[in-house]
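In the numbering used here, the protein residues as written are 1 to 360. Ideal placement from N, C-alpha and C gives every residue a C-beta, glycine not left out. Comments concern the structure below.
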Ligand code: ACO
């Protein structure tokens, strides 16, 4: 029961995570196939509406997003008032909280949620530029969600290969059952609170190193190892001290995380010639070998975060943007769960078992 392991707490149409077989299905479709055939916008439509959009519908759907990318002046003021000790995820949490919510508080609507989803990349990029001491680059309406994100960060139109890789990463990480952050969003929604509050709770949960904070630590690990000759000793030192290797292990998967597998292919396309890509493969192999030795009682495999780090590095994003970039994707899944929870709502109120003392 600790950590609610194995306890189903909601019925969902949104995704199935089969940890034994390593399968991930979004509304009846293989997530890895979607990642190589559909954009993030289209897959968000699938999650929220229940099917992929028709051609015309897709254009309309994307237009709804592009028109809502700019930040309101009040949000810009709040973001710009934050001190530099407020990192990217803390700023994103504050920024989302400050966004306007269009329409009634309850029940949440897709129209109101699009207004948030469309602005999350702009929040990330605005704050990133401020922390770098550079001027934020306003969003463009003629670019896709992925292309516009990279454009706002760099000021340059990204290559098609980078846009495709980011789209594939976002599709693969948009939704994943009742992970900790999605559960947080559903608990808040179940009280009939507003959608923004659900998203703020989810961001708070995602930022932890055991959840969405792992990919930047994966890059830290690769950097510290630096050379494949040092991998075995570095990994052994960590495991001997009882520490965890970031990018390995999962609550549900007892086999390879299918998202890791797909992202490895994406990374290979972009970076197969890079020495650091070869190092990542060697570190993975050594880590899996030692995890089998140190933890024979637990099936530990590479999880999505290991190759998320590799793909995002291959695209050229700095490490500080890994978890915020994951947040952009997962916002689609959180919103889908907020809508689903509201559709058939009952307050989520589990019990605790009292193990304290009693009055005399
Ligand atoms: N490195 C070393 N040992 C590990 C790891 C790891 N990455 N993951 C689990 N273990 C070990 C634990 O030490 C424990 O060993 P023990 O029985 O000897 O004490 C055993 O495996 C079971 O660990 P739990 O903590 O019970 O596993 P749980 O299902 O609660 O944890 C989690 C899942 C949090 C993801 C864990 O595997 C972990 O901490 N991984 C590293 C962080 C990471 O990569 N997070 C990203 C996950 S994917 C995502 O959130 C998008």
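Inset, instruction - Spell out the partners DSSP gives residue 248 in its beta bridges. - result: Position 248 of the chain shown holds residue 248. Answer is 302.
Inset, instruction - Inspect the beta-carbon positions of residue 312 and residue 325 and report whether they are closer than 8 Å. - result: Position 312 of the chain shown, counted from the first residue, corresponds to residue 312. Position 325 of the chain shown, counted from the first residue, corresponds to residue 325. The answer is yes: Cβ separation under 8 Å.
Legend entry - Where residue 9 falls: helix, strand or coil (DSSP): On the chain shown, residue 9 is found 9 positions in, with the first residue counted as 1. In this structure, residue 9 counts as coil in the three-state DSSP scheme.
Inset, instruction - Classify residue 140 as buried or exposed, calling it buried when 16 or more other Cβ atoms lie within 10 Å of its own Cβ. - result: Taking the chain shown and counting its residues from 1, the one referred to as residue 140 is at position 140. By the neighbour-count rule (16 or more Cβ atoms within 10 Å), residue 140 is not buried but exposed.
Legend entry - Limits of the unbroken alpha helix (DSSP H) element including residue 23: As a first step, residue 23 must be located in the chain shown, where it is residue number 23. Not the alpha helix (DSSP H): residue 23 falls in the beta strand (DSSP E), residues 23-26.
Inset, instruction - Just mark residue 307 as buried or exposed, buried being the case when its beta carbon has 16 or more other beta carbons within 10 Å. - result: For the purposes of this step, residue 307 is taken as the residue at position 307 of the chain shown. So residue 307 ends up on the buried side.
Inset, instruction - Determine which residues share a DSSP beta bridge with residue 61 and list them. - result: Within the chain shown, residue 61 is the residue found at index 61, counting from 1. According to DSSP, residue 61 bridges with nothing at all.
Inset, instruction - Please say whether residue 101 and residue 195 have beta carbons closer to each other than 8 Å? - result: Here residue 195 refers to the residue found at position 195 when the chain shown is read from its first residue. Here residue 101 refers to the residue found at position 101 when the chain shown is read from its first residue. The answer is yes: Cβ separation under 8 Å.
Inset, instruction - Could you please give the first and the last residue of the uninterrupted alpha helix (DSSP H) stretch that includes residue 97? - result: Against the chain shown, residue 97 aligns to sequence position 97. It spans 88-98 - the alpha helix (DSSP H) in which residue 97 sits, taken as one unbroken run.
Legend entry - Beta-bridge partners of residue 376, as assigned by DSSP: Outside the modelled stretch of the chain, which goes from 1 to 360, sits residue 376, for which no answer is possible.
Legend entry - Identity of the residue in 234, 74, 72, 116 nearest residue 197 by Cα: Translated into positions along the chain shown, residue 197 becomes position 197. Selected option, being the one with the closest Cα: 116.
Legend entry - residue 220, buried or exposed, once every other Cβ within 10 Å from all chains shown has been counted against 16: The sequence position of residue 220 within the chain shown is 220, counting from 1. So residue 220 counts as exposed.
Inset, instruction - Answer with buried or exposed for residue 271, where buried requires no fewer than 16 other C-beta atoms within 10 angstroms of its C-beta. - result: Here residue 271 corresponds to residue number 271 of the chain shown, with the count starting at 1. Residue 271 should be labelled buried.
Inset, instruction - With residue 16 as the anchor, note down where its beta strand (DSSP E) starts and where it stops. - result: Taking the chain shown and counting its residues from 1, one reaches residue 16 at position 16. Residues 15-18.
Inset, instruction - Indicate the three-state DSSP secondary structure (helix, strand or coil) for residue 207 in the structure shown. - result: Locating residue 207 in the chain shown gives position 207, counting from the first residue. Correct three-state label for residue 207: coil.
Legend entry - Check: residue 309 C-beta below 7 Å from any heavy atom of ligand 1: Stepping through the chain shown from its first residue, residue 309 is reached at position 309. No, since every heavy atom of ligand 1 falls outside the 7 Å radius drawn around the Cβ of residue 309.
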